[in-house]
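Per the working numbering, the very first residue in the sequence shown carries number 56; after that it's consecutive.
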Amino acid sequence: MYGIRGFGRGGHRPPPGSEAIASAKQFSLRRIGRHFFPFFLRQRKRILLGSICLVITIALGKAPPLLTRYLVDQVLLPFQKVPWTAERYQTALGLGALVVGAMVLIAAGNYIFSSIRIRVIREAGITLVRDIRQHVYSHLQKLSLRYYDSTQTGEVMSRLTGDVDAIERFFGSVSDRLIVNILNLMITVVIIFYLNWRLALVALIPVPVLVSVMLHFSRKVRPVFRQIRDRMGEIHAKLQDNISGIRVIRAFNREPEEMERFSEKNESFYQSQRQGVNLFSRFFPLIHFIDGSGMILVTAVGGWMLLQRDSQLTIGDLFAFNAFVIQLYQPIGVLFQSYASVLQTGASAERVAELLEEEPDVADDPDAVDLPPVQGEVRFEQVGFHY
């Protein structure tokens with residue numbers, strides 16, 4: 056079943072916690088990419104189609120605020136400055152109907168392309184993870200028996216199921232949300248500078264603060280996420296050992312001792328989760344406070360600019376600008392949450408990468424001759440026998 060390819064590394068295991076912190080410090084996108092990027096390439100057609108639909112949906116999503124700006128500046132305000140007549144009423148009604156009709160068509164197009172995008176991206180994600188899981192399982196078949204002697208079965212199961220499932224959740228939803236909001240943010244920045252570059256600079260004031268908070272959060276939470284995944288692996292390993300050995304445990308009346316050991320593992324996992332909860336409870340409200348302050352600042356400065364006699368900012372501009380500012384800060388908040396998910400997935404990907412980097416002690420000679428296809432017969436050539 057396992058072949059004859061050598062033995063695992065085995066040996067002494069570092070104390071719990073130190074392994075998590077050390078591995079978190081060695082977090083490397085290059086290392087993860089080396090193992091998983093080939094699986095991305097297999098899905099490049101689906102990813103390309105999804106990306107095209109993504110760009111279209113984002114572009115369509117930017118149209119409603121601009122149409123609202125046109126409706127305010129070119130339809131509502133001009134007609135308020137002159138007496139209303141039946142002809143002007145019909146003109147305003149026709150322009151308003153065109154704007155509303157355009158918004159309906161945009162919503163329909165957004166639905167169609169979003170549906171296509173979600174389907175192809177999700178299919179790419181589940182296919183990619185299926186191939187990764189198959190690859191990991193195939194690698195497990197090649198590892199030496201000594202690796203299984205020195206590694207708890209529950210730990211291996213945790214990496215093959217729990218960590219791979221975390222990668223699947225990332226590719227199923229988080230990656231899509233991440234890309235959507237990055238592109239959304241970039242396009243929104245371009246539009247607000249087009250509308251009014253001075254007000255755009257005001258809107259961007261909170262961004263460096265948000266980035267610094269995100270970087271500080273990542274430094275704090277990355278080792279915690281890795282520790283949580285490791286503690287979960289320890290619980291799986293303990294459960295696997297206890298359930299498979301339940302007859303021995305009961306025969307020797309070891310239930311109280313095993314319950315105490317499991318309680319220690321469970322409490323350690325609980326404390327690691329509490330660390331993560333404490334970090335999230337401090338940072339996420341801070342993010343909402345910062346982007347809310349930015350919205351107030353934009354509204355105040357925009358109102359002041361409207362009151363100036365030589366102001367080039369129109370009421371329609373301010374309406375559209377406020378809508379785009381929401382589209383500016385909302386992706387930043389979502390990116391912050393997605394970044395936390397990226398760190399969680401990174402911890403799981405690191406654990407899977409460590410498993411894939413396990414090498415058997417006994418390997419084939421690089422110069423070994425490949426065995427030709429076996430035909431079901433044996434020939435003895437130059438074989439001798441003597442006492």
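Backbone N, C-alpha and C define an ideal beta-carbon position, used for all residues, glycine too.
Check	Outcome
Residue ranges of each alpha helix (DSSP H) within the segment 141 to 220, 4 or longer	141 to 197, 200 to 205, 208 to 212
C-beta atoms of residue 191 and residue 389 nearer than 8 Å	no
The segment 174 to 193 contacting the segment 215 to 233, beta-carbon criterion three pairs below 8 Å	yes
Stretch-stretch touch, CB-based, cutoff 8 Å, three pairs: the segment 236 to 243 with the segment 376 to 392	yes
Collapsed DSSP secondary structure at residue 439 in the structure displayed	coil
Terminal residues of the alpha helix (DSSP H) in which residue 433 lies	Unbroken run through residue 433: none, as it is neither H nor E.
Buried versus exposed, by CB contacts within 10 Å (16 or more), residue 308	exposed
Presumed contact (8 Å Cβ cut-off) between residue 52 and residue 157, rounded CB distance	The first residue shown for the chain is 56 and the last is 442, placing residue 52 beyond what the model contains.
Anticipated Cβ contact below 8 Å, residue 320 with residue 209, distance rounded	Contact doesn't hold; Cβ gap of about 10 Å is too wide.
Neighbourhood of residue 369 by C-beta distance below 7 Å, restricted to the same chain and skipping five residues each side	128
Beta carbon of residue 105 nearer than 8 Å to that of residue 179	yes
Alpha carbon of residue 361 to alpha carbon of residue 112, nearest angstrom	32 Å
DSSP state of residue 386 mapped onto helix, strand, coil	helix
For residue 420, three-class secondary structure by DSSP	coil
Through-space distance from residue 96 to residue 114, alpha-carbon basis	27 Å
Whole-Å CB distance - residue 130 paired with residue 160, under 8 Å assumed	The pair is not a contact, with the Cβ atoms about 18 Å apart (cut-off 8 Å).
Under 8 Å between C-beta atoms of residue 198 and residue 413	yes
Neighbourhood of residue 345 by C-beta distance below 8 Å, restricted to the same chain and skipping five residues each side	261, 264, 265, 268
Residue 231, DSSP secondary structure in three states	helix
Unbroken alpha helix (DSSP H) run spanning residue 266, endpoints	261 to 299
Distance, residue 441 Cα to residue 432 Cα	25 Å
Length of the line joining the Cα atoms of residue 311 and residue 322	16 Å
Under 8 Å between C-beta atoms of residue 324 and residue 298	no
Beta-carbon proximity of residue 383 to residue 245, cut-off 8 Å	no
Three-way DSSP call (helix, strand, coil) for residue 117 in this model	coil
Neighbour-count burial assignment, residue 206, 16 or more Cβ in a 10 Å radius	buried
Buried/exposed call for residue 222, threshold 16 Cβ in 10 Å	buried
Residue 340: first and last residue of the uninterrupted alpha helix (DSSP H) it sits in	310 to 362
Whether residue 398 touches residue 276 by CB criterion (8 Å)	yes
Rounded C-alpha distance that separates residue 257 from residue 295	57 Å
Distance between residue 281 and residue 78 (C-alpha atoms, nearest Å)	Residue placement at residue 78 is flagged as unreliable, the pLDDT there being 42, under the threshold of 50; a coordinate-derived value is accordingly withheld.
Secondary structure of residue 307, DSSP reduced to three states	coil
Assigned secondary structure, residue 251 (DSSP; H/G/I helix, E/B strand, else coil)	coil
Where residue 80 falls: helix, strand or coil (DSSP)	At residue 80 the pLDDT is 40, less than 50, meaning the model places this residue with poor confidence and gives no usable figure here.
Through-space distance from residue 356 to residue 250, alpha-carbon basis	15 Å
Separation of residue 425 from residue 438, as counted between CA atoms	22 Å
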